[in-house]
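Quick note: to get our numbering, add 2 to the position in the sequence shown (first position is 1).
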Amino acid sequence: MKIGIYGGTFNPPHLGHMAAARAAVAALGLDKLLFVPAAVPPHKQLPQGTPRPEHRLAMVEKMADAMSMPKVVQASGIELEREGKSYTADTLASVESQYPGAELWLLMGTDMFLTLHQWHDPQAIMRLAGICAFGRTRQDGEALFAPQRDYLIRMFDARVTTITLPDLVDISSTRLRELLAQGEGREYLPPAVYGYILMYRLYGTHADLTHLDLPCLRACSYSMMKQKRVPHVMGVEEEAERLALRWGADPGMARRAAILHDCTKYLNLEEQLELCQKYGVELDDLERQAVKLLHSKTGACIARAVFGEPDQVYEAICWHTTAKADMTTLEKIIYMADYIEPNRDFDGVERLRRLAYSDLDKGLLLGVETTIQEMEERHLPIHKKTIEARQWLRNHGVTTEE
């Protein structure tokens with residue numbers, strides 16, 4: 003097994019870190035890559051205003067997740083859990099003990115590579131791991147790397163690989179922190195990391211979460227979920243806007259509801275119930291036991307309480323899972339967009355899509371009936387609101403005939 007260890011303060015983690023890690027995985031054929039945020043870096047002091055260790059680890063976890071390589075890339079808190087300075091030799095020894103027999107590679111940028119021989123216990127570092135250095139500019143090429151590489155091989159019998167990535171995002175962490183404090187710099191960050199920074203007001207950001215533009219609202223929402231959920235949410239947003247334009251609803255409200263509709267999807271049952279209690283949401287017996295039913299209610303609460311969304315967005319999110327009787331146009335749109343967004347692929351989805359654009363109520367009825375049939379086939383309880391929605395539509399003369 004080949005394991006890469008990519009350490010640093012990650013203050014904050016940005017797209018340059020991601021691109022370098024991806025290049026190293028490909029160049030070295032890594033089976034696993036560990037992002038390791040330093041607790042107390044031995045070579046420099048953390049600047050004033052640096053987020054707490056748990057925030058830096060959380061941001062690194064979001065960067066790792068954003069790479070969409072869950073079986074390969076992950077974050078490690080190994081240095082944050084250890085007291086004292088974060089010496090690389092100690093970290094490599096810990097990884098070696100955890101993965102005996104693995105081939106370790108230490109990943110680093112140009113500046114770190116050029117001073118590696120001055121680090122604490124360089125002999126142990128180069129005995130435990132190969133060195134992979136990557137340059138961020140066209141100047142960080144062979145002419146710069148070769149003398150240091152030859153020196154490390156001669157003095158420490160090191161294994162050294164160097165990679166020049168001339169198109170890598172070239173931004174210093176210092177400059178990025180300055181930009182963030184000025185309300186800029188989001189283009190250098192994975193959206194989930196930027197959203198996390200806004201949510202916790204890190205690096206001098208002071209965003210008013212109740213008045214976010216769409217890009218910032220997306221970032222905040224994505225920061226609350228796994229990367230694998232993001233394509234679905236993006237698809238729902240696109241579909242919701244198309245349906246809103248087709249049926250005369252507010253496309254902006256449709257987008258905002260779609261962006262936030264799954265923002266609490268990854269909370270467990272206990273966390274969902276705590277939010278319901280906090281916001282005074284009344285639950286029936288089925289909802290208290292079915293975590294999949296709760297995210298629509300808690301997501302609606304977060305949309306209103308945290309992001310200041312109006313009642314129509316709250317209600318659209320609240321009913322996007324179960325539906326209900328006598329839904330508004332926006333509520334129907336979010337329910338249908340969630341059902342038929344472009345990433346959905348199941349028997350009958352094309353018929354649902356046709357109905358959604360030819361007759362919204364017919365599409366809604368088919369969606370509700372499809373859900374009820376699926377639940378019956380799986381011998382699962384059906385929420386009463388879903389049954390009420392079907393009955394209301396039928397009572398008003400709606401059929402699924404095309």
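For glycine and all other residues, C-beta sits at the position ideal for the given N, C-alpha and C.
Any non-hydrogen atom of the ligand MG closer than 6 angstroms to residue i Cβ
i, result
"Pro193", "With respect to the ligand MG, the structure offers nothing, as it holds no ligand at all."
Contact belief for residue i with residue j at Cβ below 8 angstroms, rounded distance in angstroms
i, j, result
"Lys326", "Ala246", "19 angstroms between Cβ atoms; not a contact."
"Gly254", "Ala221", "At roughly 17 angstroms, the Cβ-Cβ gap does not stay under 8 angstroms, so Gly254 and Ala221 are not in contact."
"Gly9", "Ala26", "Going by Cβ atoms, the distance from Gly9 to Ala26 rounds to 13 angstroms, so no, they are not a contact pair."
"Thr402", "Lys364", "6 angstroms"
"Met65", "Met20", "6 angstroms"
"Val75", "Leu35", "5 angstroms"
"Ile342", "Trp249", "That pair is no contact at about 14 angstroms."
"Gly185", "Leu178", "13 angstroms between Cβ atoms; not a contact."
"Gly350", "Thr372", "6 angstroms"
Chain-order list of residues whose beta-carbon lies under 8 angstroms from that of residue i (same chain, five-residue window excluded)
i, result
"Arg231", "Asp264, Lys267, Tyr268"
"Phe115", "Ile133, Ala135, Phe147, Gln150, Thr164"
"Gln393", "Ala327"
"Ala183", "Tyr205, Gly206, Thr207"
"Leu295", "Leu288, Glu289, Thr323, Thr324, His385"
"Leu357", "Lys364, Gly365, Leu368, Thr402, Glu404"
DSSP bridge partner residues for residue i (one or two, in chain order)
i, result
"Lys34", "Ile5"
"Gly329", "Residue identity differs from the one stated: residue 329 is Met in this sequence, not Gly. None, per the DSSP bridge assignment."
"Leu109", "Tyr8, Cys134"
"Asp76", "It should be pointed out that residue 76 corresponds to Gln in this sequence rather than to Asp. Partner(s): Leu36."
"Thr163", "Cys134"
CB contact flag (residue i, residue j, <7 angstroms)
i, j, result
"Cys303", "Tyr281", "yes"
"Ser88", "Ala160", "no"
"Gly79", "Leu109", "no"
"Ala339", "Val238", "yes"
"Leu332", "Leu367", "no"
"Pro43", "Val195", "no"
"Asn345", "His213", "no"
"Ser223", "Leu277", "no"
"Gly85", "Lys4", "Looking at the sequence itself, residue 85 is Glu, so the reference to Gly does not match. Their beta carbons are not under 7 angstroms apart, which means Glu85 does not touch Lys4 by this criterion."
"Phe309", "Leu154", "no"
"Thr300", "Gln274", "yes"
"Ala91", "Asp123", "yes"
"Leu82", "Pro55", "yes"
"Ile319", "Ala307", "no"
Proximity to residue i [Cα-Cα], best of the options
i, options, result
"Ala260", "Leu219, Ser225, Glu273", "Leu219"
"Gly137", "Thr166, Ala126, Met128", "Thr166"
"Ala256", "Ala242, Trp249, Gly111, Arg248", "Ala242"
"Thr330", "Ala251, Gln279, Leu285, Gly301", "Ala251"
"Val162", "Gly185, Leu178, Gly111", "Gly111"
"Ser225", "Arg244, Ala209, Ile199", "Ile199"
"Glu98", "Lys73, Ala126, Asp113, His57", "Ala126"
"His57", "Glu240, Gln50, Pro39", "Pro39"
"Pro53", "Thr93, Ile319, Tyr202", "Tyr202"
"Thr117", "Glu379, Lys46, Ala318", "Lys46"
"His119", "Leu94, Pro102, Phe158", "Phe158"
"Phe32", "Lys73, Gly51, Phe12", "A small correction: the amino acid at residue 32 is Leu; Phe does not occupy that position in the sequence shown. With distances taken between Cα atoms, Leu32 lies closest to Lys73."
"Val171", "Val283, Leu191, His398", "Leu191"
"Gln50", "Arg24, Ala23, Asn13", "Asn13"
"Glu376", "Gln100, Leu48, Phe348", "Phe348"
Cβ neighbours of residue i in the same chain (closer than 7 angstroms, five flanking residues each side left out)
i, result
"Arg258", "Leu219, Glu311, Val315"
"Ser96", "Ile80"
"Thr176", "none"
"Trp121", "Thr90, Ile127"
"Leu271", "Val293"
"Arg244", "none"
Own chain partners of residue i with C-beta closer than 6 angstroms, once the 5 adjacent residues on each side are dropped
i, result
"Glu63", "Ala77"
"Pro383", "Leu288"
"Leu37", "With the sequence shown as reference, residue 37 is identified as Phe, and Leu is not the correct amino acid for it. Contacts found: Tyr8, Val62, Ala66, Ala77."
"Gln229", "Asp67, Ala68, Ser70"
"Ser174", "none"
"Ala29", "Ile165"
"Trp321", "Glu333"
Residue i at chain D interface by Cβ criterion, 7 angstroms
i, result
"Leu146", "Checking the listed chains, one finds no chain D in this structure; it contains a single protein chain."
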